[in-house]
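So the structure is just underneath, and the comments pick up after that.
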């Protein structure tokens, strides 16, 4: 298990004095990196779902849609590659146990001011992250989330999975909240456990050489601070929008465990795509892995040029939100 973090006091820059122009520019840069990372994951190949009948629309039934475009046209890999390499060099160097303990201590701190807003207000706030320089789409974040949700809905998947499609990127709000992030490197990108050896199946594994934990007497070992088959829930995942949203929703929604896994692990490509870190899986984790793999195509490949009609779809999703969120106002 991870060391206790309550006695650690994080030090963050106060972002309250950042001008709206600078914040918009930083947000656009964040989305550019996020899109570039997604393009690499698209080029690494789609997740193969078990071939099952659509008659009962199980969550692992193959998606009923095909990508709107050839995945290789979503940004050019060779143009994005250097930017992605620079991003992962910073991310891999800075995602340490110490930093992750600080981030969680800050998140759970009683002194942290937690903005309160509904899910739909959060979606509208996330729209400020739209990137005007993105060549793949001119859609807002709300429209991207609706594309994912609508693709799941059209395939007849469970209502909780439809809602998960709508929610899955809301963790990017951490970039707009004071003290919840230190840059792009702890918001987006592939995720991985900290506190144990960085697996060679992580993207750009050589970039971990700059991380001091890679030479730590405990953290650099295969199991590190964990035990074999401890269960995926016990891993301390690298800090980012997946983990942030997971922590927000875990105690404030009635979403099932599979939905929370889709949110927490949708960027955990070393696990759900490459097969790494399976030594930590316990009973019940295979179901979580199936859930995450089933969700992945709706995240990566639902992006297209058809613009969702937000106002037309809003009543349906407001009802869906109310079904799984007993408290209408969420503490972020």
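In this note's numbering, the protein residues as written are 124 to 455.
Yeah, the Cβ is synthetic: ideal placement off N, Cα and C, and Gly gets one too.
By DSSP, does residue 240 sit in helix, in strand, or in coil? In the structure shown, residue 240 sits in a strand (DSSP, three-state: E or B).
Considering only their Cβ atoms, is the gap separating residue 360 from residue 331 smaller than 8 Å? no
Hey, quick one: how far does the alpha helix (DSSP H) through residue 287 stretch, first residue to last? 282-290
Whose CA, out of 387, 155, 296, 153, lies closest to the CA of residue 356? 387
Tell me which residues share the same chain as residue 288 and place their Cβ nearer than 6 Å to its Cβ, disregarding the 5 neighbours each side in the sequence. Excluding residues within five positions, the ones whose Cβ falls inside 6 Å are 271, 272, 275, 421.
CA-to-CA distance, residue 268 to residue 214, given in whole angstroms: 25 Å
Mapping DSSP to helix, strand and coil, what is residue 453? strand
Determine contact between the stretch 226-234 and the stretch 321-339, defined as no fewer than three beta-carbon pairs at a distance below 8 Å. Touching, no.
Could you tell me how far apart the beta carbons of residue 285 and residue 443 are, in whole angstroms, since I believe they sit closer than 8 Å? 6 Å
Please look up how many angstroms separate the CB atoms of residue 290 and residue 249, rounded, as I've assumed it's under 8 Å. The Cβ separation is near 11 Å, so there is no contact.
Classify residue 334: buried if its beta carbon has 16 or more other beta carbons within 10 angstroms, exposed otherwise. buried
Give me the Cα-Cα distance between residue 246 and residue 299, rounded to the nearest whole angstrom. 13 Å
Give the single residue among 406, 358, 429 whose Cα lies nearest to the Cα of residue 400. Closest by alpha carbon: 358.
Nearest-angstrom Cα separation, counted from residue 450 out to residue 200: Model confidence at residue 200 stands at a pLDDT of 41, short of 50, so the residue's coordinates are unreliable and nothing is read from them.
How would you label residue 313, buried or exposed, when you count the other beta carbons within 10 angstroms and need 16 or more for buried? buried
What residues match up with residue 379 in a beta bridge as DSSP calls it? DSSP lists no partner for residue 379.
In whole angstroms, give me the CA-to-CA distance for residue 338 and residue 394. 23 Å
Proximity winner among 319, 353, 226, 446, relative to residue 341 (alpha-carbon distances): 319
Give me the Cβ distance between residue 327 and residue 211, rounded to the nearest whole Å; I'm assuming they're in contact under 8 Å. 5 Å
So for residue 438, helix, strand or coil by DSSP? If DSSP states are grouped into helix, strand and coil, residue 438 belongs with the helices.
Residue nearest to residue 437 in terms of C-alpha spacing, selected from 216, 343, 242: Nearest of 216, 343, 242 to residue 437, Cα basis: 242.
From what residue to what residue does the alpha helix (DSSP H) around residue 346 run? Note, residue 346: premise wrong, no alpha helix (DSSP H); not H, not E.
In terms of residues, what are the limits of the alpha helix (DSSP H) holding residue 422? Looking at the DSSP string, the run of the alpha helix (DSSP H) that includes residue 422 is 408-423.
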